[in-house]
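Input: a single structure, listed below in structure tokens.
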Amino acid sequence: MGKHRLRRWALDIVLMVLVVAGVYVWTQWRGASDVATPATLPVLTLQKLDGQWVQYHPGANQVTLINFWSTDCPPCIAEIPALNWLQQWFGGIGFTVLGVAVAGNTPQAIAAARSRFAMDYPLYADKNGAAAQILGGVTLTPTSLLINHKGQIVGRYVGAISLPVVVWRLLWMSHE
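Letter by letter, the sequence shown follows residues 289 to 464 in the working numbering.
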């Protein structure tokens, strides 16, 4: 009887690990479009909350996590504390989180969300959807892209980000 329980317990653990791994893989690949993600970050045309248009490209030796989100997206709202944490712990001269609200979000709605959820990182609007399209056709929110210090896109995360995965990647990049 003891061996049977031990085998059953081991089988349950293996099945849980496989389910968790499967869910992780599925969430990272769902929402991919037919447009390939470019190898390096192109210059993005984004709208500031005051309505002005800006050209965004990270500076030299800048690591950026670009988070495409929407003000009416529950997973987007749920990951804001993790994004705030990343900005507070890693933010500064060498790293920033960049929130880009997808087409359909007004600057007023974005500003209200910033205030309501105490968003502690720069926010822009992709008013016409051009940035989402040029970065591989972002079709689901949230979608995040990790850009290394050379301007290369080294990670694409569809769905709410996995904080341990992003932190591990950031720590790994600091040794590259």
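Beta carbons: idealized from backbone N, C-alpha and C, even for Gly.
Secondary structure at residue i, three-state DSSP: helix, strand or coil?
{"i": "Q440", "result": "strand"}
{"i": "S321", "result": "Note on S321: pLDDT 46, under 50, position unreliable in the model; no value is reported."}
{"i": "N393", "result": "coil"}
{"i": "N355", "result": "strand"}
{"i": "G290", "result": "helix"}
{"i": "Q316", "result": "Reliability of the predicted coordinates at Q316 is poor, the pLDDT of 49 falling under 50, and the value obtained from them is presented with this limitation in mind. Helix, per DSSP."}
{"i": "L433", "result": "strand"}
{"i": "A413", "result": "strand"}
{"i": "V305", "result": "helix"}
{"i": "L299", "result": "helix"}
Go ahead and label residue i buried or exposed: buried means 16 or more other beta carbons lie within 10 angstroms of its beta carbon, across all protein chains shown.
{"i": "G387", "result": "buried"}
{"i": "W460", "result": "exposed"}
{"i": "D300", "result": "exposed"}
{"i": "L374", "result": "buried"}
{"i": "A298", "result": "exposed"}
{"i": "A406", "result": "exposed"}
{"i": "A400", "result": "exposed"}
{"i": "L458", "result": "buried"}
{"i": "P452", "result": "exposed"}
Quick check on this structure: which residue in the options has the alpha carbon closest to the alpha carbon of residue i?
{"i": "Q440", "options": "R296, G290, P346 and L334", "result": "P346"}
{"i": "P395", "options": "L337, K291, L458 and R295", "result": "L337"}
{"i": "T427", "options": "H292, V331 and Y445", "result": "Y445"}
{"i": "G380", "options": "I368, R402, Y409 and P369", "result": "Y409"}
{"i": "G424", "options": "L411, A348 and G443", "result": "G443"}
Along the chain, where does the alpha helix (DSSP H) that runs through residue i open and close?
{"i": "A370", "result": "I368 to F378"}
{"i": "V342", "result": "Careful: V342 lies outside any alpha helix (DSSP H), inside the beta strand (DSSP E) at W341 to Y344."}
{"i": "I422", "result": "A418 to I422"}
{"i": "L334", "result": "Unbroken run through L334 is the beta strand (DSSP E), L332 to Q335; no alpha helix (DSSP H)."}
{"i": "L451", "result": "L451 to M461"}
Is there a Cβ from chain C that is less than 9 Å from the Cβ of residue i?
{"i": "G290", "result": "The structure shown contains no chain C; it holds only a single protein chain."}
Problem set entry | Inter-stretch contact at 8 Å, needing at least 3 Cβ pairs: the segment 360–376 / the segment 325–335 | The segment 360–376 makes no contact with the segment 325–335, as fewer than three CB pairs between them are under 8 Å.
Exercise. Touch check for the segment 407–427 and the segment 382–398: three-plus C-beta pairs under 8 Å?
Worked result: The segment 407–427 and the segment 382–398 touch, with no fewer than 3 CB-CB distances between them shorter than 8 Å.
Problem set entry | the segment 429–449 touching the segment 351–358, judged by at least three CB pairs closer than 8 Å | They touch, by the three-pair rule.
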